[in-house]
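Below is one structure, written out as C-alpha cells; comments come after it.
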Amino acid sequence: MNPVKINSSKSLQQRCSSARCHVATPVRALMPINYIKQCAAAAAGAVLLFSTTPGPALAMTSACPDMIKVADGLQYCDVKLGSGDPPVKGSFIKVHYNGRLDSDTASGTFDSSYERGRPLGFAVDTGQVIKGWDEGILGGEGVSPMLPGGKRQLIIPPALGYGDRSVGGGLIPANSTLYFDVELIGRLGKK
C-alpha cells in the first residue's frame, strides 16, 4: 500500500466513504482507533492508506434481496443461520459487524470490527448499543433471535438508531437509516 494524501477540498463523508481507510503514522501510534476517529484524522489532513480488498462482511449485502420488515421499521435478513442457544437479555456476546449509511457495500462505511480485526463485546439489551442492534440480535416481536455463528443484515430506521442526533462529528448525520452486516461470534454468558 502506498500513502495517499487526502484531498482536503472533499467533504469528510466523501473522504471517508471508501470504507477501507487506515490512518498511517504518526496517527497510527494512537491505535487502536475506530473508523470514526480515523475519518476525523482525515479531516485534519492526515495521510491515509487505502485497501480495496473487501472484508468478510462486505460480501453479505447481495445475499439478502428479501428483507423482513417488522412493525417498528426494523428490517432484517439472515444470510447464514447459526446454531446453539440464543443470547438472552444481559448476556455478554461478541459480534463482528460492518456499518454503512447506505445499502451500497462499496461506500458509506462508518465503522467495521472486521477492519479493526477485533470483534465487539457487549451485554445485549442493556443500553450499551443502539436499540436496533438489541432487537436485531436478541429478537423481538416478529424478529427471531440470532444464534451463535449466524450472520444477519439489519436495516435500522432512525428511531432505533441514533434518532435526531448526529454522531461521530457529523460522519453519521441525524435521522440516518443504518445498514449493518452482523455476525454473532458467540454468547459468553451473563454479564
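Using the numbering used here, you'd call the opening residue of the sequence shown number 10 and step up by one each time. Virtual Cβ for every residue (Gly too), placed ideally from N, Cα, C.
With H, G and I counted as helix, E and B as strand and the rest as coil, what does DSSP make of Ala-132?
Here residue 132 refers to the residue found at position 123 when the sequence shown is read from its first residue. If DSSP states are grouped into helix, strand and coil, Ala-132 belongs with the strands.
Between Tyr-106 and Val-133, what straight-line distance do the alpha-carbon atoms span, to the nearest angstrom?
Taking the sequence shown and counting its residues from 1, one reaches residue 106 at position 97. Taking the sequence shown and counting its residues from 1, one reaches residue 133 at position 124. Cα atoms of Tyr-106 and Val-133: separation of roughly 15 Å, rounded to the nearest angstrom.
Please go through the same chain and pick out, in chain order, the residues whose beta-carbon is closer than 6 Å to the beta-carbon of Gly-64, but skip the five residues on each side of it.
One-based indexing of the sequence shown puts residue 64 at position 55. Low confidence applies to Gly-64: its pLDDT is 45, below 50, so where it sits in the model is not reliable enough to give any reading.
Would you give the residue range spanned by the alpha helix (DSSP H) that Leu-147 belongs to?
Taking the sequence shown and counting its residues from 1, one reaches residue 147 at position 138. First-last of the alpha helix (DSSP H) with Leu-147: 140–147.
State buried or exposed for Met-76, treating a residue as buried only when at least 16 other CB atoms are found within 10 Å of its CB.
Looking up residue 76 in the sequence shown gives position 67. Per the 10 Å Cβ criterion, exposed.
Can you grab the Cα-Cα spacing for the pair Asn-184 / Leu-169, in whole Å?
As a first step, residue 184 is located in the sequence shown; it is residue number 175 there, counting from the start. As a first step, residue 169 is located in the sequence shown; it is residue number 160 there, counting from the start. Distance between the alpha carbons of Asn-184 and Leu-169 is about 10 Å.
Whole angstroms is fine: what's the gap from Asp-190's alpha carbon to Gly-178's?
As a working mapping, residue 190 is identified with position 181 in the sequence shown. As a working mapping, residue 178 is identified with position 169 in the sequence shown. One C-alpha to the other measures close to 23 Å.
Considering only the beta carbon of each residue, do Lys-91 and Leu-147 sit closer than 8 Å?
In the sequence shown, residue 91 corresponds to position 82, counting from 1. In the sequence shown, residue 147 corresponds to position 138, counting from 1. With the sequence shown as reference, residue 91 is identified as Gly, and Lys is not the correct amino acid for it. No, they are not a contact pair.
Provide the residue span of the alpha helix (DSSP H) that contains Lys-122, from first to last.
Within the sequence shown, numbered from 1, the residue matching residue 122 stands at position 113. Here residue 122 turns out to be Ser, not Lys, going by the sequence shown. Element bounds for Ser-122: 122–125.
Using only the alpha-carbon positions, how far apart do Ile-181 and Pro-128 sit?
Start at 1 with the first residue of the sequence shown, and residue 181 comes out as number 172. Start at 1 with the first residue of the sequence shown, and residue 128 comes out as number 119. The straight-line gap from Cα to Cα measures roughly 21 Å.
Please classify Arg-174: is it buried, with 16 or more other beta-carbons within 10 angstroms of its beta-carbon, or exposed?
Counting from one through the sequence shown, the residue named residue 174 turns up at place 165. Arg-174 is exposed by the Cβ-count criterion.
Hey, out of Leu-197, Pro-166, Gly-136 and Thr-186, whose CA is closest to Gly-158's CA?
Residue mapping note: residue 158 aligns to position 149 of the sequence shown, counting from 1. Selected option, being the one with the closest Cα: Leu-197.
Straight-line CA distance for Thr-135 to Pro-74?
As a working mapping, residue 135 is identified with position 126 in the sequence shown. As a working mapping, residue 74 is identified with position 65 in the sequence shown. Taking the straight line from one Cα to the other gives about 31 Å.
Can you tell me the Cβ-Cβ gap for Leu-83 and Gly-145, rounded? I've got them flagged as a contact below 8 Å.
In the sequence shown, residue 83 corresponds to position 74, counting from 1. In the sequence shown, residue 145 corresponds to position 136, counting from 1. Right, their Cβ atoms sit about 6 Å apart.
Would you decide whether Lys-98 is buried or exposed? Buried here means 16 or more other CB atoms lie within 10 Å of its CB.
The residue labelled residue 98 in the question sits at position 89 within the sequence shown. Exposed, because fewer than 16 other Cβ atoms sit within 10 Å of the Cβ of Lys-98.
With distance defined between alpha-carbon atoms, name the residue in Leu-187, Gln-137, Pro-166 and Phe-131 nearest to Gly-195.
Translated into positions along the sequence shown, residue 195 becomes position 186. Scanning Leu-187, Gln-137, Pro-166 and Phe-131 for the CA closest to the CA of Gly-195 turns up Phe-131.
Would you please state the rounded distance, in angstroms, between the beta carbons of Ile-165 and Ile-139? I believe it to be under 8 Å.
Start at 1 with the first residue of the sequence shown, and residue 165 comes out as number 156. Start at 1 with the first residue of the sequence shown, and residue 139 comes out as number 130. Indeed, because the Cβ distance is near 7 Å, the residues count as touching under 8 Å.
Leaving out the 5 sequence neighbours to the left and right, which residues in its chain are closer than 6 Å to Cys-86 when beta-carbon positions are compared?
Counted from its first residue, the sequence shown places residue 86 at position 77. Result list for Cys-86: Cys-73, Met-76 and Gln-162, in chain order.
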